[in-house]
Amino acid sequence: MKNFKKIITFIFAIIVIISLTACEDIMDTNSEVSMGEVLEVHFIDVGQADSIFIKKGEEAMLIDAGDNKDGKTVVDYIKKQNVSKLNYVIGTHPHADHIGGLDDVIDNFPIDKIIMPNAIANTKTFEDVLDSIDKKGLKITKPKVGDRYDLDGAEFIVLAPNGEDYASLNDYSVVVKLINGETSFLFTGDAEALSENEILKNNRNLLKSDVLKVGHHGSVTSTSQDFLEAVNPYVAVISSETGNSYGHPHKEIIERLTEKNIDICRTDLQGTIIIKSNGKGLEFNDKEIVLNNSSPVNKPDVIISHVDKIEEIVTIKNNSKDEINLEGWKLLSVTGNQEYIFPKYVLKGAEVVTVTSGDKEGDLNWGSNNIWNNTKSDPAVLYDESGKEIFRFND
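With the sequence shown counted from 1, adding 47 to any position gets you the numbering used here.
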């Protein structure tokens, strides 16, 4: 179980474990948070695409609308939220998996402002969006870094694009930070490392956010190390589709997030993800995520830093300076429900230990049989000698 680094004025808690389709555990206490008037952020499951619906009070906005086939899905979803008007619509960049359903959205709702970058795509999808905008008599607002917009007391700030000419359409992505009281969200579209570096150069001080929408569906083109360190989120949300041809999210990004003890939520595993904010606390799919400023940060000392399911090697790292006796600890393969019980083994500070299975050699051997499922998700969970969950590695 992972404890968050940030804290706010509430004491909270909950364990979010939903078998193979859960975010990493958040925190466990018995307190409840009164959410009051909330900001809702819905990461709609549109497969290998993006669509984010945001609502606070009587105002609402949409960031992207999925692919061409997703238009009706997004429209129906918004209508179910009892919304009849969108104050803002952002098309982050003119790729079909982000603006494919925008024409349907524009056709079905009154819209106050449409924000799109100064980028052109010679596609029927892009033309359809422009036609719908024209038929409604709307004008496109070009994003300008530093521009701020109000959403019923919440505020979003434009952080990108910082340039006007990019080789990749992804780097034209409109990046915005949404702030609601003491909580914040960063939405990155498909912005790649080039755009991330420009934001770091111009507005590094604004990047810190509680929730990060991981760029480009978890591709290695985005979420660079420096950028992730500056954002330093507690929760990372990835929008992708099971078995997609791109291999999203890429293993390197999952490892990068896991190494930093960031809770990972994925639409390919969990479907639509809803995070609510009352300005002081967060709530995930109606489970509380409360961050308490009054207590010291308590990150787990021992983590699973890597699981190589092909080579059957699990790497466990001691992030502390102290020696930790792993005797009686347990490593679990969730899918196969197979357990490894640690013998007497002292893991020194800042060092790693490998647990291998099959014919691989390592510091500790699980046995001659292969353990890890290579064809579907198989999270690894580490428990201490008392049975307390210490760390979960979601593949």
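Heads up, the beta-carbon is just placed ideally off N, CA and C, and yes, glycines get one too.
| Check | Outcome |
| --- | --- |
| contact_flag[the region 383 to 401, the region 363 to 373] where n(CB pairs < 8 angstroms) is 3 or more | yes |
| Through-space distance from Glu330 to Ser81, alpha-carbon basis | A caution first: Ser81 carries a pLDDT of 45, below 50, which makes its placement in the model too unreliable to give a value. |
| Ala207 versus Pro190, Leu216, Asp197 and Gly200, residue with shortest Cα-Cα distance | Pro190 |
| Nearest to Ala214 (by Cα), restricted to the options Val192, Ser231 and Glu239 | Glu239 |
| Paired residues, beta bridge with Val349 - DSSP | Asn365 |
| Three CB pairs or more closer than 8 angstroms across the region 270 to 289 and the region 176 to 188 | no |
| Exposure of Gln128, with buried meaning 16 or more beta-carbon neighbours within 10 Å | exposed |
| Short Cβ contact (9 angstroms threshold) for Lys248 with Val284 | no |
| Run of the beta strand (DSSP E) containing Gly41, from where it starts to where it stops | With the chain running from 48 to 442 in the structure shown, residue 41 is simply not present. |
| Inside the region 260 to 327 only - alpha helix (DSSP H) runs reaching at least 4 residues | 272 to 278, 298 to 306 and 314 to 317 |
| Close-in-space but distant-in-sequence residues of the same chain around Leu461 (CB under 8 angstroms, 5 per side omitted) | Past the boundaries of the shown model lies residue 461; the chain is included only from 48 to 442, so the question cannot be answered. |
| For Ser404, the first and last residue of its enclosing beta strand (DSSP E) | Val399 to Ser404 |
| Opposing strand residues paired with Lys160 [DSSP bridges] | Tyr135 |
| Closest Cα partner of Ile161 within the set Thr170, Arg303 and His140 | His140 |
| Beta-carbon proximity of Val349 to Asn366, cut-off 9 angstroms | yes |
| Residues that DSSP places opposite Glu87 in a beta bridge | Lys102 and Lys323 |
| Endpoints, beta strand (DSSP E) assigned at Leu198 | Arg195 to Leu198 |
| Ala427 - containing beta strand (DSSP E), residue span | Ala427 to Tyr430 |
| Residue from Tyr392, Ala201, Gly200 and Asn209 whose Cα sits closest to the Cα of Gly193 | Asn209 |
| Pick from Asn244, Ile351 and Leu149 that is closest to Asp431, judged by C-alpha positions | Ile351 |
| Identity of the residue in Ile137, Asn244 and Asp154 nearest Asn165 by Cα | Ile137 |
| Reduced DSSP category for Ile388 - H, G, I as helix; E, B as strand; rest coil | strand |
| For Ser380, three-class secondary structure by DSSP | strand |
| Classification of Pro280 by the beta-carbon crowding that lies within 10 angstroms, buried from 16 upward | buried |
| Within 9 angstroms, strictly: CB atoms of Thr230 and Lys327 | yes |
| Short Cβ contact (9 angstroms threshold) for Ile110 with Ile125 | no |
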